[in-house]
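Peer 1:
2 protein chains.
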Amino acid sequence: MPDDIDVFDRLLEIALLIQADMARELEPAGLTAARTHLLWVAHSSGPSTQQALAHALQVSPRNVTGLVDALEARGFVRRSPHPTDRRATLVSLTEQGTQAVTEMEEGRRRIAAHVVSDFDVDRLQHFRADLDAVTARLHELMDPS
Amino acid sequence: MPDDIDVFDRLLEIALLIQADMARELEPAGLTAARTHLLWVAHSSGPSTQQALAHALQVSPRNVTGLVDALEARGFVRRSPHPTDRRATLVSLTEQGTQAVTEMEEGRRRIAAHVVSDFDVDRLQHFRADLDAVTARLHELMDPS
DNA sequence: TATTGTTATACTCTATAACTATA
DNA sequence: TATAGTTATAGAGTATAACAATA
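Chains as they are written, first to last, in UniProt numbering: chain A, 1 to 145; chain B, 1 to 145.
Shown next as structure tokens:
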């Protein structure tokens, strides 16, 4: 019987493949993983302060400044003044930004459907449960609270 | 029934958790993901030219120079002249480098055992098969040859 | 002429610290 | 006094292009 470590190897390989695939599709448009992550969060949360984005992304405020600069220069997001707090700026998606997110969602849906396309309903259900169990265990390891 | 995209979300979350966990353990020693990857490959392949490492890592030769510089400065690898080709240098692991790889292997084995610790033999076997199927499908997407 | 590794240059992600404007 | 965002500075990963030494 193989050692459990091969499960880790499989998961790690999948992780690398997923990230490589995502990078391949995004980079032509000037979108990198970090910028896409911010775009994704801003889309989910609606117009957000950079402070809020920094917190959501677990990243320094300075880092958010740079990412928003890049996304703004490429037309994916827009900065606007906060209506009540003149220190803050609100980051929201432009039409182009919203469209990019929509296309990425479609791409992910297409990938997801492809990778499990020959699983029957029962197998897919078990696979989901297994992944959830693994995720929970990984969270335990990261956050031993 | 949920959309298949949630499988992708689960896999992506696992990918991020694995990488976060690996980063957390390595960085104190001055090892980053990129340096660790090179260390891993050099360990598996034995003494290698930087050219060979660049090819194995799918990265530019210039990048390898920087990674080897950093690993050499921290005592994980050693450069030595190639016995027959005076243009090339051979990169090999020091005692400290070998020990670091050994410790990482133990860490990965521990994590792997933990994440599937409540799977019985049958479930684990199915899970492996599912991961292999997903990996194969992802390779198809990446490499439509 | 081709290849190995390096210097030169540039872009990106990331962080901390100091600073400005506002709360 | 504290907070939001920026400038300043720094380290790391990555790339291409030009160059030296060697094949």
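Even glycine gets a Cβ: it sits at the ideal position worked out from N, Cα and C. What you are looking at is a predicted structure, and each value in this text was computed from that prediction instead of being measured.
So, A/A56 versus A/F76, is the Cβ gap smaller than 8 Å?
Peer 2: no
Peer 1: Cα-Cα, which of A/V91, A/A129 and A/V68 is closest to residue 169 of chain A?
Peer 2: Because residue 169 of chain A is not part of the residues shown, which for chain A are 1 to 145, the question remains open.
Peer 1: May I have a chain-ordered list of the alpha helix (DSSP H) segments no shorter than 4 residues that lie completely inside the region 45-84 of chain A?
Peer 2: 50-57 and 61-73
Peer 1: If you draw a straight line from the alpha carbon of B/Q58 to that of A/E95, how long is it in whole angstroms?
Peer 2: 36 Å
Peer 1: Using DSSP with H/G/I as helix, E/B as strand and the rest coil, what is A/L31?
Peer 2: Assigned with DSSP and collapsed to three states, A/L31 falls in coil, not helix or strand.
Peer 1: Hey, B/V116 and A/V116 are a contact pair by Cβ (cut 8 Å); roughly how many whole angstroms apart?
Peer 2: Actually they do not touch by this definition, with Cβ atoms about 20 Å apart.
Peer 1: Comparing the C-beta of B/E13 with each C-beta of chain A, is any distance below 8 Å?
Peer 2: yes
Peer 1: I want to verify the contact list: residues of chain A whose CB lies under 7 Å from the CB of B/H114, in sequence order.
Peer 2: Going along chain A in sequence order, the residues near B/H114 (Cβ under 7 Å) are R137 and L141.
Peer 1: Straight-line CA distance for A/L67 to A/R87?
Peer 2: Taking the straight line joining both Cα atoms gives about 19 Å.
Peer 1: Look at the alpha carbon of B/N63 and the alpha carbon of A/R62, and state the distance between them as a whole number of angstroms.
Peer 2: 26 Å
Peer 1: Taking all protein chains shown into account, do 16 or more other C-beta atoms lie within 10 angstroms of the C-beta of A/H43, making it buried, or fewer, making it exposed?
Peer 2: buried
Peer 1: On a CA-only basis, which of B/P83, B/L11, B/G46 and B/E72 is nearest B/R35? Give me that one, please.
Peer 2: B/E72
Peer 1: Run through DSSP, which three-state label would B/V91 get?
Peer 2: strand
Peer 1: Spell out whether any CB of chain B is found under 8 Å from the CB atom of A/H43.
Peer 2: Residue contact check for A/H43 against chain B: no CB pair falls below 8 Å.
Peer 1: Taking the alpha-carbon of B/I18 as reference, which of B/L124, B/R123 and B/I111 has the nearest alpha-carbon?
Peer 2: B/I111
Peer 1: With respect to the alpha helix (DSSP H) encompassing B/F8, which residues constitute its N-terminal and C-terminal limits?
Peer 2: I5 to L26
Peer 1: In angstroms with no decimal places, state the Cα-to-Cα distance between B/M142 and B/D69.
Peer 2: 32 Å
Peer 1: Check for me: the alpha helix (DSSP H) holding A/V134 runs from which residue to which?
Peer 2: Here the alpha helix (DSSP H) through A/V134 covers V121 to M142.
Peer 1: So which of B/P47, B/H37 and B/E105 has the shortest CA-CA distance to B/P81?
Peer 2: The alpha carbon of B/P81 has as its nearest neighbour, out of B/P47, B/H37 and B/E105, the alpha carbon of B/P47.
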